[in-house]
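Below is one structure, written out as structure tokens; comments come after it.
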Amino acid sequence: MDVVKKELEETLQLESIALHLDELKEITDNFGSKSHISGRVYHGVLKSGQAAAIKIFSSSAQSEPDEDFLAQVSMISRLKHDHIVEVIGNCIDGGQILVAYEYASNGSLWDMLHGNPVLSWDQRVEIAVGAAKGLEYLHKTARIIHGDIKSSNILIFDNHVAKIADFGLRKKFLHMPNSNDSNLGYHAPEYDSLTGQLDSKSDVYSFGVVLFELLTGRKPHDNTLEHSQQHLVTWSFININMARPKFNEDKANECVDIRLNGEYSFKAVTKMAEVATLCVRYDPTSRPDMSSVVQELLPFLNPHPPTHPVVPNSLVPPASPPPFTHHSKETSHWSSFMCCWRTPT
Numbered sequence: 001m002d003v004v005k006k007e008l009e010e011t012l013q014l015e016s017i018a019l020h021l022d023e024l025k026e027i028t029d030n031f032g033s034k035s036h037i038s039g040r041v042y043h044g045v046l047k048s049g050q051a052a053a054i055k056i057f058s059s060s061a062q063s064e065p066d067e068d069f070l071a072q073v074s075m076i077s078r079l080k081h082d083h084i085v086e087v088i089g090n091c092i093d094g095g096q097i098l099v100a101y102e103y104a105s106n107g108s109l110w111d112m113l114h115g116n117p118v119l120s121w122d123q124r125v126e127i128a129v130g131a132a133k134g135l136e137y138l139h140k141t142a143r144i145i146h147g148d149i150k151s152s153n154i155l156i157f158d159n160h161v162a163k164i165a166d167f168g169l170r171k172k173f174l175h176m177p178n179s180n181d182s183n184l185g186y187h188a189p190e191y192d193s194l195t196g197q198l199d200s201k202s203d204v205y206s207f208g209v210v211l212f213e214l215l216t217g218r219k220p221h222d223n224t225l226e227h228s229q230q231h232l233v234t235w236s237f238i239n240i241n242m243a244r245p246k247f248n249e250d251k252a253n254e255c256v257d258i259r260l261n262g263e264y265s266f267k268a269v270t271k272m273a274e275v276a277t278l279c280v281r282y283d284p285t286s287r288p289d290m291s292s293v294v295q296e297l298l299p300f301l302n303p304h305p306p307t308h309p310v311v312p313n314s315l316v317p318p319a320s321p322p323p324f325t326h327h328s329k330e331t332s333h334w335s336s337f338m339c340c341w342r343t344p345t
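Position 325 of the sequence shown, counting from 1, maps to 325 under full-length UniProt numbering, and the rest follow consecutively.
Following this line, the structure appears as structure tokens:
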């Protein structure tokens, strides 16, 4: 091992707890099925008594991690925010790399949205705001592009605190096949699966899909439905946005998650639909940044918002959709609701 790698490993030991492979094997029953969470993530309780989610990034003893990967582990170990999952320890044993994260006892947003019990509307808003703040921190402060925003990467802690997970480490050392369709429906139109090139606006698109997921309770892509209903973004455009300005409470009841039994603020629903639609605009430059998303959602954290029907002027589409436009960073993203929309192909 060269000097640089040795220095990086020593730095890692200062930034987070250095864990021993034998301990991790012991607390996960040698990474057995009983401790398995998903993918290559396992649950275990450290000697300190803290529950941890232990992720295996490489299990090969033949190849050592390069300096860039160790630097990434070091970087994410320093990140601290109320709405991102914190690194609590790491294990680098030859070519075997494992990272221990704080454990979310409530699982992921995917688990909660598509399982039981049902999340209330206020809980959904709280989760949306928390996740938006976490992603804003990654973009604005940490300068990190997540690249894989989806409801299964938003973990739910006590009191429905949402935290962004699975960020900052490239997939080079994650040696496992993509055996499920968990990414279907989340990627922005500009995503290139060959190069994997993404930017912050690609994350914004994916977050918009999560907002539609929170609104409707539907999966981003569901091939058990009729073809016209399989893609959540397309379905939302047809059933929510094209209904304006006649989007009333009856129409909302048809589109919003039926399990809410109508217990939500119509004003908050229309605003979340507006924000989600802006996030999934076809043109990346016309999407808002995450700071704007946070500011638009924050007012609805009020536990008792007005419940009478209100359709903001910005939600009313023009008589005919305007041409695609490009906005500078200084241009407001919260006008021309239907501008720059293009349904996925």
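Backbone N, C-alpha and C fix where the C-beta goes; we use that ideal spot for every residue, glycine too.
Burial is judged here by how many other beta carbons sit within 10 angstroms of a residue's own beta carbon; D166 has at least 16 and is buried.
Listed in chain order, the non-local C-beta contacts of L184 below 7 Å within the same chain comprise P220 and H221, local neighbours out to five positions each way being set aside. Secondary structure note for D93: its beta strand (DSSP E) is the uninterrupted segment V87 to D93.
By the 16-neighbour rule on beta-carbons within 10 angstroms, D122 is buried. In the DSSP assignment, V99 forms a beta bridge with K55 and N90.
I238 is positioned such that its CB atom lies no closer than 8 Å to that of S200. Between the region 94-109 and the region 48-55 there are three or more inter-stretch CB-CB distances shorter than 8 Å, so the stretches are counted as touching. The continuous beta strand (DSSP E) containing G44 extends over residues V41 to V45. In this structure, DSSP gives H83 a state outside helix and strand, which the three-state scheme calls coil. Residue R124 holds the alpha-carbon nearest to the alpha-carbon of L298 among H227, R124 and A71.
For E136, the CB contacts under 6 Å within the same chain, skipping 5 residues up- and downstream, are M290, S291 and V294 in chain order. Scanning the region 197-283 from its first residue to its last, no whole beta strand (DSSP E) run of 3-plus residues comes out.
A165 carries a coil assignment under DSSP once its states are collapsed to helix, strand and coil.
Of the residues assessed, E126 falls on the buried side of the cut-off, its CB having 16 or more other CB atoms within 10 angstroms. If you compare the alpha carbons of I76, K25 and H139 with that of I149, the shortest gap goes to H139.
Annotation for H36: the continuous beta strand (DSSP E) segment containing it runs H36 to S38. As a beta-bridge residue in DSSP terms, I17 pairs with G89. DSSP places L155 inside the beta strand (DSSP E), whose first and last residues are I154 to I156. By the Cβ-count criterion, K133 is buried, with 16 or more other Cβ atoms from all chains shown falling within 10 Å of its own Cβ.
For D250, the closest C-alpha among the options Q230, K271, R259 and F266 is that of F266. Judged by beta-carbon spacing, I156 lies within the 8 Å limit of G107, meaning their Cβ atoms are closer than that value.
Here G147 has L198 as same chain residues with Cβ atoms under 6 Å from its own Cβ, once five neighbours each way along the sequence are excluded. A Cβ-Cβ contact shorter than 8 Å links L109 with S151. Counted as a single uninterrupted DSSP element, the alpha helix (DSSP H) harbouring G134 occupies residues W121 to K140. DSSP places S77 inside the alpha helix (DSSP H), whose first and last residues are E67 to R78. For S151, no pairing in a beta bridge is given by DSSP. In this structure V45 is exposed. Its beta-carbon is surrounded by fewer than 16 other beta-carbon atoms within 10 angstroms.
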